[in-house]
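Participant:
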Amino acid sequence: MDNNKTSLLLIGEGGIPKDFPKNELSKFLNLKSKIESNLELSDEENIIFENLSNEIKKWKRNFRNDEYYHSIIDLKNLIYIKSKIKTYIAFLDYCEPDIYQAIENLINIGYKKVILITSDLILSKENESKIDDILNFINIKYRDFEIVNLCKLDYNIISDFFVNLVNGAVDGK
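Quick note: the sequence shown uses the working numbering, first residue 1066, plus one each step.
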């Protein structure tokens, strides 16, 4: 594998920072609830929702307001140290960069291949579908860019992981 042409992209869930203003968060969650209930937003509500969504994504993260964000960064760094493959991060929701932005950045840097991994052992069907939709669009737009999606782990691999983990604990390792 050409480590200069291949990168890893660690995908995290993303979260809303704890110190995001409560009144703005309330507006955002109410609008999100409408969207999830398949209710149509007015033009004004759409603009408010998009602005709040962007504000959440751009919010400055620190250890106090988003421990998960920094845990993903720590995991990314460990993966890079152990694999020697340049590793980047992307998020499904609430944080930047999103998967599309991250992959476009990798293409612009000059990578020819990305291997997608996730911190979630099991993704929801919704998140699997979200990732697939993004990848399908990128595959159409960038035909020469190779994407290996390892986010959908086989249950046998996941069960082996847990069995090995448990066996290690039982054996005192």
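C-beta atoms are modelled at their ideal positions from N, C-alpha and C, and glycine is treated no differently.
Looking only at C-alpha atoms, which of D1139, Y1159, D1163, G1175 sits nearest to L1262?
Facilitator: Shown here, the chain extends from 1066 to 1238; a query on residue 1262 therefore has no answer.
Participant: Mind checking which residues open and close the alpha helix (DSSP H) that includes L1171?
Facilitator: Taking the first residue of the sequence shown as position 1, residue 1171 is located at position 106. Here the alpha helix (DSSP H) through L1171 covers 1164-1174.
Participant: Buried or exposed for G1233, please, with buried defined as at least 16 other CB atoms from any protein chain shown within 10 angstroms of its CB.
Facilitator: Here residue 1233 refers to the residue found at position 168 of the sequence shown. It counts as exposed.
Participant: Out of V1179, N1127, K1123, which one is the CA nearest neighbour of T1071?
Facilitator: Taking the sequence shown and counting its residues from 1, one reaches residue 1071 at position 6. It is V1179 whose Cα lies nearest to the Cα of T1071.
Participant: Is the CB-CB distance between F1156 and G1237 below 7 Å?
Facilitator: Mapped onto the sequence shown, residue 1156 falls at position 91. Mapped onto the sequence shown, residue 1237 falls at position 172. Cβ atoms of F1156 and G1237: not closer than 7 Å.
Participant: Under the assumption that E1110 contacts L1096 (Cβ atoms under 8 Å), give the Cβ distance between them as a whole number of angstroms.
Facilitator: Here the question's residue 1110 lines up with position 45 in the sequence shown. Here the question's residue 1096 lines up with position 31 in the sequence shown. That pair is a contact at about 6 Å.
Participant: Tell me the rounded alpha-carbon separation between F1210 and K1147.
Facilitator: Locating residue 1210 in the sequence shown gives position 145, where the first residue counts as 1. Locating residue 1147 in the sequence shown gives position 82, where the first residue counts as 1. C-alpha separation (whole angstroms): 25 Å.
Participant: Inspect the beta-carbon positions of K1141 and I1150 and report whether they are closer than 7 Å.
Facilitator: Here residue 1141 is taken as the residue at index 76 of the sequence shown, counted from 1. Here residue 1150 is taken as the residue at index 85 of the sequence shown, counted from 1. Going by C-beta atoms, K1141 is not nearer than 7 Å to I1150.
Participant: Please report the straight-line C-alpha distance between D1131 and K1083, rounded to a whole angstrom.
Facilitator: Taking the first residue of the sequence shown as 1, we reach residue 1131 at position 66. Taking the first residue of the sequence shown as 1, we reach residue 1083 at position 18. Rounded to the nearest angstrom, the two C-alpha atoms are 7 Å apart.
Participant: For S1072, which beta-bridge partners are listed by DSSP?
Facilitator: Start at 1 with the first residue of the sequence shown, and residue 1072 comes out as number 7. V1179, per the DSSP bridge assignment.
Participant: Between I1168 and I1203, which are expected to be in contact by the criterion C-beta below 8 Å, what is the C-beta distance as a whole number of angstroms?
Facilitator: In the sequence shown, counting from the first residue as 1, residue 1168 sits at position 103. In the sequence shown, counting from the first residue as 1, residue 1203 sits at position 138. Right, their Cβ atoms sit about 6 Å apart.
Participant: Between N1192, L1104, P1162, which lies nearest to E1120 when the distance is taken from Cα to Cα?
Facilitator: Residue numbering aside, residue 1120 sits at position 55 when the sequence shown is read from its first letter. It is P1162 whose Cα lies nearest to the Cα of E1120.
Participant: Taking I1113 and K1099 to be in contact with their CB atoms under 8 Å, please state how far apart those CB atoms are, rounded to whole angstroms.
Facilitator: Along the sequence shown, read from residue 1 onward, the residue named residue 1113 stands at position 48. Along the sequence shown, read from residue 1 onward, the residue named residue 1099 stands at position 34. That belief does not hold up - the Cβ atoms of I1113 and K1099 are roughly 11 Å apart, past 8 Å.
Participant: Looking at I1172 and Y1207, is the spacing between their C-beta atoms short of 7 Å?
Facilitator: Indexing the sequence shown from 1 puts residue 1207 at position 142. Indexing the sequence shown from 1 puts residue 1172 at position 107. Cβ atoms of Y1207 and I1172: closer than 7 Å.
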